[in-house]
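Working notes for the structure below.
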Amino acid sequence: MSAPSTPYPSPGAAPPQDYLARLNPEQRSAVETLDGPLLVLAGAGTGKTRVLTTRFAHLLMTGRAQPHQVLSVTFTNKAAREMRERVGAILNRPVEGLWLGTFHALAARMLRRHAELVGLTSSFTILDTDDQQRLLKQVMEAEGVDLKRWPPNGLMAVIQRWKDRGLTPDRIPVAETSDYANNRAEKLYAAYQARLITLNACDFGDLLLHITEILRTNNEVLASYHRLFRYILVDEYQDTNLVQYLWLRLLAQGHKNICCVGDDDQSIYSWRGAEIENILRFERDFPGAVFVRLESNYRSTRPILAAAAGLIARNEGRLGK
């Protein structure tokens, strides 16, 4: 599963500038703490992107890993492009062979390698929202559901919530059931998933759901990724949902060299499944984890920071900075 790559630094290449000298003490600690689990609590404007990109480059420069041995997860394609460019700038050379991208892009890349384990082929199609709604409508019509009373977008929201929580149709607990369409949501979910397999297709929720299920049930596949990824880097960890959290936790069971950067004061995506509990239980999931707090703000003025701190301090469900 690995690919050969040129050692870092390149033979004969000009040495990079002292990339560590630009870091403050807390940032440098986050970059140089390479072994074991690390949670970096980074408020807005504290240089978390610099920490992530410098840490990535440092792993390569110290020979701890080759580019393909680092799994680096972002929330947007823009963030992934920026990280690739910044790492290349530090190293004075383009970086190739990376496992760097969004959760969905990386999950899709993995799933195409193992698609047959969930009844698909590697050429499966990824449905957009419109195609997903059309397919749901067909499934609901086949089951005699009154579409005026129970529109497809309502069922799509229920199914997406289940997928965000890593729940396949046969593993929905009583606490997660839905009364949608007169308690037929689970049956419709199962029918929809079967129809997707027949069409050799996935929706976006399936990308992480399927690969997480494969990693959970296939020890050989999981072990192969443990051998491949020596280090894992995760941005915006406070915005992960449950299936993203499960995927990361499975992959990190090998070397346990996982570095998550996030801010428990900035979780704003609970409406799309993000669970702040993921960052709060990091130490329980990874005993012995190191915590580094980035508290020097380079973006906001002192009065703004003081006002924000006064409001945030009232929140008891936080790790504190």
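In terms of the working numbering, the sequence shown opens at residue 3 and continues consecutively. From the three backbone atoms N, C-alpha and C, an ideal C-beta is built for every residue, glycine too.
Answer with buried or exposed for residue i, where buried requires no fewer than 16 other C-beta atoms within 10 angstroms of its C-beta.
i: valine 236; result: buried
i: threonine 242; result: buried
i: arginine 283; result: exposed
i: serine 180; result: buried
i: valine 160; result: buried
i: alanine 187; result: buried
i: arginine 52; result: buried
i: asparagine 185; result: exposed
i: alanine 254; result: buried
i: aspartate 20; result: exposed
i: threonine 200; result: exposed
i: threonine 78; result: exposed
Between which residues of its own chain and residue i is the CB-CB distance below 6 Å, once the five residues before and five after are set aside?
i: threonine 55; result: Met85, Arg88 and Val89
i: alanine 110; result: Leu209
i: histidine 207; result: Looking at the sequence shown, residue 207 is not histidine but glycine. Cβ neighbours of glycine 207 beyond the five flanking positions: Gln162 and Lys165.
i: alanine 183; result: Val147 and Trp152
i: glycine 103; result: Ala82
i: arginine 167; result: Leu244
i: isoleucine 281; result: Tyr239, Gln240, Gly264 and Asp266
i: alanine 67; result: Leu61, Arg232 and Tyr233
i: valine 176; result: none
i: proline 39; result: Lys258, Ile260, Phe288 and Ala291
i: leucine 73; result: Trp101, Phe231 and Ile234
i: glycine 65; result: none
i: lysine 256; result: This sequence places glycine at residue 256; lysine is not what is there. Within the same chain, glycine 256 has close Cβ partners His228.
Using CA coordinates, which residue listed in the options is at the minimum distance from residue i?
i: methionine 63; options: Thr76, Asp37, Ile92 and Val53; result: Ile92
i: threonine 122; options: Gln140, Ala196 and His106; result: Looking at the sequence provided, one finds leucine at residue 122 rather than threonine. Considering only alpha carbons, the answer is Ala196.
i: glutamate 285; options: Ser298, Arg251 and Val223; result: Arg251
i: glycine 290; options: Leu25, Asp37 and Glu188; result: Asp37
i: glutamine 240; options: Gly168, Val120 and Asp265; result: Asp265
i: phenylalanine 58; options: Cys262, Phe126, Asn26 and Ile174; result: Cys262
i: glycine 49; options: Leu40, Leu108, Glu28 and Asn94; result: Glu28
i: serine 298; options: Leu40, Gly45, Phe231 and Leu253; result: Gly45
i: leucine 296; options: Tyr21, Val33 and Asp20; result: Val33
i: valine 42; options: Thr200, Arg95 and Ile260; result: Ile260
i: lysine 80; options: Leu73, Glu178 and Ala107; result: Ala107
i: asparagine 155; options: Tyr21, Leu169, Asn26 and Thr131; result: Thr131
i: histidine 212; options: Met112, Lys258 and Val292; result: Met112
Here's a check: name, in chain order, each residue in its chain whose Cβ is nearer than 7 Å to the Cβ of residue i, leaving out the five neighbours to either side.
i: phenylalanine 105; result: Val75, Leu210 and Gln246
i: serine 124; result: Arg114 and Ala117
i: methionine 158; result: Gln134, Gln135 and Leu138
i: valine 97; result: Pro69, Arg86, Val89 and Gly90
i: valine 223; result: His116, Ile216 and Leu217
i: phenylalanine 126; result: Ala117, Asn202, Ala203 and Cys204
i: proline 171; result: Glu188, Tyr191, Ala192 and Gln195
i: serine 31; result: Val294
In its own chain, which residues sit with a C-beta less than 8 Å from the C-beta of residue i, not counting the 5 before and 5 after it?
i: isoleucine 128; result: Ala110, Ala203, Cys204, Asp205, Phe206 and Leu209
i: glutamate 277; result: Thr242, Asn243, Leu244 and Tyr247
i: glutamine 140; result: Arg197
i: serine 272; result: Bear in mind that the predicted position of serine 272 carries a pLDDT of just 47, short of 50, making it unreliable; the figure below should be weighed with that in mind. Same-chain partners within the cutoff: Ile278.
i: leucine 119; result: Ile216, Asn220 and Val223
I need the DSSP call for residue i, collapsed to helix, strand or coil.
i: isoleucine 174; result: coil
i: glycine 90; result: helix
i: threonine 64; result: coil
i: arginine 167; result: coil
i: arginine 295; result: strand
i: tryptophan 101; result: strand
i: glycine 207; result: helix
i: threonine 55; result: helix
i: asparagine 26; result: coil
i: asparagine 259; result: coil
i: glycine 264; result: strand
i: asparagine 220; result: coil
i: leucine 252; result: helix
i: alanine 110; result: helix
i: valine 160; result: helix
i: serine 74; result: strand
i: threonine 242; result: coil
i: leucine 129; result: coil
i: isoleucine 234; result: strand
i: alanine 46; result: coil
i: leucine 340; result: Because residue 340 is not part of the residues shown, which for the chain are 3 to 323, the question remains open.
i: leucine 138; result: helix
i: leucine 41; result: strand
i: serine 2; result: Nothing can be reported for residue 2: it is not among the residues displayed for the chain, which extend from 3 to 323.
i: serine 180; result: coil
i: threonine 35; result: coil
i: leucine 149; result: coil
Answer with yes or no whether the minimum CB distance from residue i to chain B is below 9 Å.
i: lysine 139; result: Absence of chain B from the displayed structure is noted, only one protein chain being present.
Check: Given 8 Å as the limit, is there contact between the region 227–236 and the region 132–152, that is, 3 or more CB pairs closer than that?
Finding: With the cut-off at 8 Å, the region 227–236 and the region 132–152 do not touch.
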